[in-house]
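Written out below as structure tokens is the structure these notes cover.
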Amino acid sequence: MQEPEATTISIPSTRGAIPAVVHCPCESLASTDESAGVVLCCHGLLSAKNSPKFLDMAEALALRGLWAVRFDFTGCGENTSRFGASLVETRLDDLECVVAWARSRHRPWGRKAVMGLFGSSLGGFMSYVYSALFPGKVQALALWAAPARLQGIGGHAKPRPVELERTWPLALPLGTPSAVDDLPAVPDVLIVHGTHDELVPWNHAVDYYRCAAEEKRFMLLEGADHRLTDSEARAMASKATVTWFFSKLMTPAESAEKP
Numbered sequence: 001m002q003e004p005e006a007t008t009i010s011i012p013s014t015r016g017a018i019p020a021v022v023h024c025p026c027e028s029l030a031s032t033d034e035s036a037g038v039v040l041c042c043h044g045l046l047s048a049k050n051s052p053k054f055l056d057m058a059e060a061l062a063l064r065g066l067w068a069v070r071f072d073f074t075g076c077g078e079n080t081s082r083f084g085a086s087l088v089e090t091r092l093d094d095l096e097c098v099v100a101w102a103r104s105r106h107r108p109w110g111r112k113a114v115m116g117l118f119g120s121s122l123g124g125f126m127s128y129v130y131s132a133l134f135p136g137k138v139q140a141l142a143l144w145a146a147p148a149r150l151q152g153i154g155g156h157a158k159p160r161p162v163e164l165e166r167t168w169p170l171a172l173p174l175g176t177p178s179a180v181d182d183l184p185a186v187p188d189v190l191i192v193h194g195t196h197d198e199l200v201p202w203n204h205a206v207d208y209y210r211c212a213a214e215e216k217r218f219m220l221l222e223g224a225d226h227r228l229t230d231s232e233a234r235a236m237a238s239k240a241t242v243t244w245f246f247s248k249l250m251t252p253a254e255s256a257e258k259p
């Protein structure tokens, strides 16, 4: 089978430019319908688009006929854009710019995008918040180890890790919303969490499940840590996530054609 291709691009933003990589499904799997299934991959606080987790996920999605877009939030990876008024506002603006690009005439799939958001840790929180604030723009979510509340995540902790200053400068406030409890319910959410998550206790996943609307699914991985470093746990999460997006973003006719 032909391997999916990846193309490096730059997405304009209100504060600079967002470096991104687009993974194109191989020609034999690309849909011929009027819409294309597209998954935007949102990394965590100290991560970036080139982490093995996101590279593997993007490739797995492309192998199932879905487009995948990895990008760097401000202060992460190759994104040197200036920050906004707060951490949350900055990342929401980044995500809105990527979504707007995916819906614009510049989109490489050349037709309407049926979009999903794959978010890990803070990226999962931002994915849920964005979907709640802008209903209808995203059709499905998959959240890995996502915090339901951001208070106390250590933005101003002492001692302050050196790598945190680049992704969250000390003078930058957290911003709002900082919890999902009071947000509108978001439908079509897959929630994945490990029981041994050392950074975000798995009861945060329970809160997401309580807040989300149907259809929603909860996958609890016994013994898995925050980063899903165990290969078996990550493989289970990846398979479930790709299957979830495939079922939500591909039309019934396309799904029937692709086993």
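For what it's worth, UniProt numbering labels the leading residue of the sequence shown as 1, then goes sequentially.
Where is the CB? At the ideal position from N, CA and C, for every residue including glycine.
Q. Between Arg82, Ala17, Pro147, Gly123, which lies nearest to Glu198 when the distance is taken from Cα to Cα?
A. Pro147
**Q.** Separation of Leu122 from Gly16, as counted between CA atoms
**A.** 21 Å
Q.
One question on the structure: do Ala185 and His193 come within less than 7 Å of each other, judged by their Cβ atoms?
A. no
Q) Who are the near neighbours of Trp109 in its chain, counting only those whose CB is closer than 7 Å to its CB and skipping five residues on each side? A) Ala36, Val38, Trp67
Q. Going by the CB atoms, is the gap between Asp94 and Phe73 shorter than 7 Å?
A. yes
Q) In the DSSP assignment, what residue or residues form a beta bridge with Leu221? A) Gly194
**Q.** Per-residue DSSP class, three states only, for Lys112
**A.** strand
Q: Look at the alpha carbon of Pro19 and the alpha carbon of Ala58, and state the distance between them as a whole number of angstroms.
A: 15 Å
**Q.** Extent of the continuous beta strand (DSSP E) run through Tyr23
**A.** The sequence given here has His at residue 23, not Tyr. Its beta strand (DSSP E) spans residues 16-24.
Q) Ordered along the chain, which non-local residues of its own chain (more than five positions away) have a Cβ less than 7 Å from that of Met236? A) Leu221
Q | Asp181 burial status per 10 Å Cβ neighbour count (16 or more: buried) | A | exposed
Q: Please work out which residues of its chain come closer than 8 Å, Cβ to Cβ, to residue 262, disregarding the five sequence neighbours upstream and downstream, and give them in chain order.
A: The first residue shown for the chain is 1 and the last is 259, placing residue 262 beyond what the model contains.
Q: Please look up how many angstroms separate the CB atoms of Lys53 and Phe71, rounded, as I've assumed it's under 8 Å.
A: About 14 Å separates the two Cβ atoms, so there is no contact after all.
Q | 4 or more residues per run - each alpha helix (DSSP H) lying fully within the region 169-213 | A | 203-211
(Q) How far does the beta strand (DSSP E) with Val69 in it extend, from its first residue to its last? (A) 67-71
Q) If you draw a straight line from the C-alpha of Trp202 to the C-alpha of Thr167, how long is it? A) 24 Å
Q.
One question on the structure: do Asp188 and Lys248 come within less than 7 Å of each other, judged by their Cβ atoms?
A. yes
Q. Leaving out five residues before and five after Glu5 in sequence, what residues of the same chain have Cβ atoms less than 6 Å from its Cβ?
A. Cys24
Q: Please name the residue, chosen from Leu92, Leu117, Ile11, that lies closest to Leu174 on a Cα-to-Cα basis.
A: Leu92
(Q) Given a cut-off of 7 Å on the beta-carbon distance, is the pair Arg111 and Glu34 in contact? (A) yes
(Q) Taking the beta carbon of Val242 as the centre, do at least 16 other beta carbons fall within 10 Å, making it buried, or is it exposed? (A) buried
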